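Peer 1: I'd like to ask some things about the structure below.
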Amino acid sequence: MTKQIISTVAGLAGLLEQQKQAFDRAGAVGMADRRRRIQTAVDLLVKYHKPLVEAMDADFGGRPRGYSLMNDVIGSLTSLKYARDHFEPWMANEPRAPFPPYDQFGAQAWVMYQPKGSVGIIGTWNAPLFTLFSPLASALAAGNRAILKPSEVVPRTAQVVAEAVVDMFDPLEVGVVTGGPDMGEAFTSQPFDHIVFTGSTQVGKAVMRNAADNLVPVTLELGGKSPTIVARSADLATAAFRIGVAKASNAGQLCVNPDIVYVAREQLEDFVAALKRTFGELFPSVPGNPDMVAVVNPRHLARVESYVSDATQAGARVECAPAPVATDTAERRRPLSIVIDPPSTAKIMHEEIFGPAVVVKPYDQIDEVITDINSRPRPLALYYFGEDAGEQQRVLEHTLSGGVCINEAMFHAAMEDAPFGGVGASGMGHYHGREGFLEFSHARTVFKAPAYDPRREWGLLPPYSEQFLAMMEAQVTP
Ligand code: NAD
Numbered sequence: 127m128t129k130q131i132i133s134t135v136a137g138l139a140g141l142l143e144q145q146k147q148a149f150d151r152a153g154a155v156g157m158a159d160r161r162r163r164i165q166t167a168v169d170l171l172v173k174y175h176k177p178l179v180e181a182m183d184a185d186f187g188g189r190p191r192g193y194s195l196m197n198d199v200i201g202s203l204t205s206l207k208y209a210r211d212h213f214e215p216w217m218a219n220e221p222r223a224p225f226p227p228y229d230q231f232g233a234q235a236w237v238m239y240q241p242k243g244s245v246g247i248i249g250t251w252n253a254p255l256f257t258l259f260s261p262l263a264s265a266l267a268a269g270n271r272a273i274l275k276p277s278e279v280v281p282r283t284a285q286v287v288a289e290a291v292v293d294m295f296d297p298l299e300v301g302v303v304t305g306g307p308d309m310g311e312a313f314t315s316q317p318f319d320h321i322v323f324t325g326s327t328q329v330g331k332a333v334m335r336n337a338a339d340n341l342v343p344v345t346l347e348l349g350g351k352s353p354t355i356v357a358r359s360a361d362l363a364t365a366a367f368r369i370g371v372a373k374a375s376n377a378g379q380l381c382v383n384p385d386i387v388y389v390a391r392e393q394l395e396d397f398v399a400a401l402k403r404t405f406g407e408l409f410p411s412v413p414g415n416p417d418m419v420a421v422v423n424p425r426h427l428a429r430v431e432s433y434v435s436d437a438t439q440a441g442a443r444v445e446c447a448p449a450p451v452a453t454d455t456a457e458r459r460r461p462l463s464i465v466i467d468p469p470s471t472a473k474i475m476h477e478e479i480f481g482p483a484v485v486v487k488p489y490d491q492i493d494e495v496i497t498d499i500n501s502r503p504r505p506l507a508l509y510y511f512g513e514d515a516g517e518q519q520r521v522l523e524h525t526l527s528g529g530v531c532i533n534e535a536m537f538h539a540a541m542e543d544a545p546f547g548g549v550g551a552s553g554m555g556h557y558h559g560r561e562g563f564l565e566f567s568h569a570r571t572v573f574k575a576p577a578y579d580p581r582r583e584w585g586l587l588p589p590y591s592e593q594f595l596a597m598m599e600a601q602v603t604p
């Protein structure tokens with residue numbers, strides 16, 4: 127098969143077909159092949175890290191190279207290396223107990239974890255490497271082949287990813303296609319053996335509809351409005367600092383970014399002041415600040431700014447950190463807009479912010495917060511800042527979210543030894559850790575019968591004797 131970047135639907139369909147044939151031909155995928163494929167992805171990121179971070183900087187219109195290394199290159203490498211160094215014991219067959227009396231007659235049973243085949247992986251623009259290579263780590267550990275589709279919103283990055291994959295991989299093992307929503311539609315209409323989609327909830331629904339036509343299982347890594355609770359027992363300065371640092375990361379363009387922050391009414395002004403102080407310390411200036419990530423394009427900037435202006439018109443107070451200064455139109459770095467107590471009808475109370483703005487909402491009782499969170503779609507993450515163990519447990523037990531951090535934000539997503547994924551509107555399925563391996567494996571039960579078959583002797587086969595019914599009835603026990 128020729129090594130080339132594929133950008134047509136026919137090319138994609140042909141590659142997938144060839145991957146599936148290669149998968150069937152190859153049979154069992156041993157440890158050495160899995161390790162070699164994961165290592166190739168590691169080597170790809172090492173070899174191409176410089177052009178990749180340059181491309182991300184250019185695509186965003188400002189994204190510090192050290193940040194791209196930390197978030198995307200090292201984040202992906204960490205997933206790949208963890209999978210490479212841990213998958214072997216996950217592959218082992220697991221003996222299971224056959225039912226009586228067959229267990230006593232020498233029956234055996236086990237579960238074998240087999241690769242599903244070819245996994246399609248669609249990435250986003252905000253973490254353009256991580257959303258491809260982190261799920262790839264789990265998919266390859268499970269012995270699958272894969273086809274990647276980077277996001278067209280970061281076209282230079284997508285091009286470098288495509289060139290790197292074509293350079294480093296046998297396309298029958300890992301291939302790549304480029305394109306936008308049309309290619310996404312076509313991609314999710316293919317008979318993959320599993321699809322991982324990272325993106326918005328709205329597109330996630332279309333992906334699941336398309337996949338349903340071929341009964342393709344999906345992992346949906348979606349977004350949402352991750353709620354953040356600052357309890358009365360929290361150290362306010364620490365909470366504001368950690369929330370501010372999270373909002374500063376990728377200019378808030380992260381799926382697990384704090385979105386609505388609930389603060390006790392009497393602490394609200396102190397919290398806002400501390401959050402402003404934190405942001406001002408991190409970014410003393412905005413235009414041209416090389417440490418600050420820009421909003422990826424004018425459309426997303428207009429989207430975030432429209433939420434803030436809509437909230438202002440609806441009566442919310444907005445504070446900026448640091449104070450805004452006039453910028454030329456090409457500059458898309460922005461201060462953090464802190465939108466204080468917008469009415470529930472404001473757009474910003476419903477749309478995922480995904481940018482340099484945050485809502486701060488006062489509360490009187492923690493149960494109001496729990497009720498508000500539960501009245502909304504299930505979020506990808508929930509954050510609780512505070513030292514009251516009872517209240518912390520109450521929040522954990524009375525809410526549901528993809529993951530949780532206590533006294534921090536976003537850190538749970540960096541854990542390799544635990545599943546990362548959403549629930550409800552924030553997605554389904556997960557990658558990372560053994561759970562990620564299981565996600566991309568078929569758990570296949572094998573029952574091996576003993577030589578002796580007791581059914582005839584025990585009167586369990588037709589023609590039934592008179593005792594058969596009585597024997598069965600005797601077994602209907604509580
Ligand atoms: P998006 O849904 O617009 O696009 C994501 C990908 O889907 C892109 O590659 C795009 O080309 C493709 N696509 C677009 N239309 C499609 C269609 N009809 N069918 C199939 N594919 C299609 O999302 P985005 O703007 O790139 O990313 C932002 C969203 O992603 C936010 O909601 C964010 O929370 C979420 N996100 C989630 C995670 C996570 O791990 N859960 C990580 C990053 C981002």
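According to this note's numbering, the sequence shown is numbered sequentially starting from 127.
In this text, a Cβ means the ideal position worked out from N, Cα and C, and glycines have one as well.
Treat the numbers as computed from the prediction; the structure is a model and nothing was measured.
Cα-Cα, which of Met334, Arg459, Glu494, Val495 is closest to Ala483?
Peer 2: Arg459
Peer 1: In the DSSP assignment, the beta strand (DSSP E) including Lys487 goes from what residue to what residue?
Peer 2: 483-489
Peer 1: Name the two residues that bound the continuous beta strand (DSSP E) containing Thr324.
Peer 2: For Thr324, the enclosing beta strand (DSSP E) starts and ends at 320-324.
Peer 1: Taking only runs that begin and end inside the segment 317-395, name each unbroken beta strand (DSSP E) of 3 or more residues, in chain order.
Peer 2: 320-324, 344-347, 352-356, 384-390
Peer 1: Does DSSP put Glu98 in a helix, a strand or coil?
Peer 2: Past the boundaries of the shown model lies residue 98; the chain is included only from 127 to 604, so the question cannot be answered.
Peer 1: Is the beta carbon of Ala290 less than 9 Å from the beta carbon of Leu138?
Peer 2: no
Peer 1: Determine contact between the segment 543-555 and the segment 343-359, defined as no fewer than three beta-carbon pairs at a distance below 8 Å.
Peer 2: yes
Peer 1: Identify whether Phe405 lies in helix, strand or coil by the three-state DSSP scheme.
Peer 2: helix
Peer 1: Which residues in the same chain have their Cβ closer than 7 Å to the Cβ of Ile369, if we skip the five residues on either side of it in sequence?
Peer 2: Apart from sequence neighbours up to five positions away, the residues of its chain that approach Ile369 with a beta-carbon distance below 7 Å are Thr354, Pro384, Val387, Leu401, Ala535, ordered along the chain.
Peer 1: What does Ala447 pair with, by DSSP beta-bridge criteria?
Peer 2: Leu462
Peer 1: Any idea if Trp251 is buried or exposed, counting beta-carbon neighbours within 10 angstroms, 16 or more meaning buried?
Peer 2: buried
Peer 1: Return the first residue and the last residue of the alpha helix (DSSP H) that Arg581 is part of.
Peer 2: Unbroken run through Arg581: none, as it is neither H nor E.
Peer 1: May I ask you to check if the CB of Ala428 is nearer than 8 Å to at least one heavy atom of the ligand NAD?
Peer 2: no
Peer 1: State the CB to CB distance for the pair Ile247 and Pro261, rounded to an integer number of angstroms; the pair is presumed to be in contact (CB under 8 Å).
Peer 2: 5 Å
Peer 1: Please look up how many angstroms separate the CB atoms of Val434 and Ser463, rounded, as I've assumed it's under 8 Å.
Peer 2: 5 Å
Peer 1: With distances taken from CA atoms, which of Glu477, Val398, Ser375 is nearest Ser326?
Peer 2: Here the closest residue by C-alpha is Glu477.
Peer 1: Residue ranges of each alpha helix (DSSP H) run of no fewer than 4 residues wholly in the segment 511-565, ordered along the chain?
Peer 2: 515-524, 559-565
Peer 1: With a 10 Å radius around its C-beta and 16 neighbouring C-beta atoms as the bar for buried, classify Met196 as buried or exposed.
Peer 2: With fewer than 16 other Cβ atoms inside 10 Å of its own Cβ, Met196 counts as exposed.
Peer 1: Return the Cβ separation of Val422 and Pro461 in integer angstroms, given the expectation that the two are a contact with Cβ distance under 8 Å.
Peer 2: Rounded, the Cβ-Cβ distance is 17 Å, inconsistent with contact.
Peer 1: Can you say whether Thr603 is buried or exposed, counting buried as having 16 or more other CB atoms within 10 angstroms of its CB?
Peer 2: exposed
Peer 1: Going straight from the alpha carbon of Ala420 to that of Glu431, what length do you get?
Peer 2: 13 Å
Peer 1: Can you confirm whether the segment 557-567 touches the segment 264-271 when touching is taken to mean that 3 or more C-beta pairs between the two stretches lie within less than 8 Å?
Peer 2: yes
Peer 1: Alpha carbon to alpha carbon, how far is Gly414 from Ala540?
Peer 2: 29 Å
Peer 1: Can the beta-carbon of Ala312 be found closer than 9 Å to that of Asn533?
Peer 2: no
Peer 1: Is it the case that the Cβ atoms of Lys373 and Phe323 are separated by a distance below 9 Å?
Peer 2: no
Peer 1: From the DSSP output, in three-state form, read off Ala507 for me.
Peer 2: Strand.
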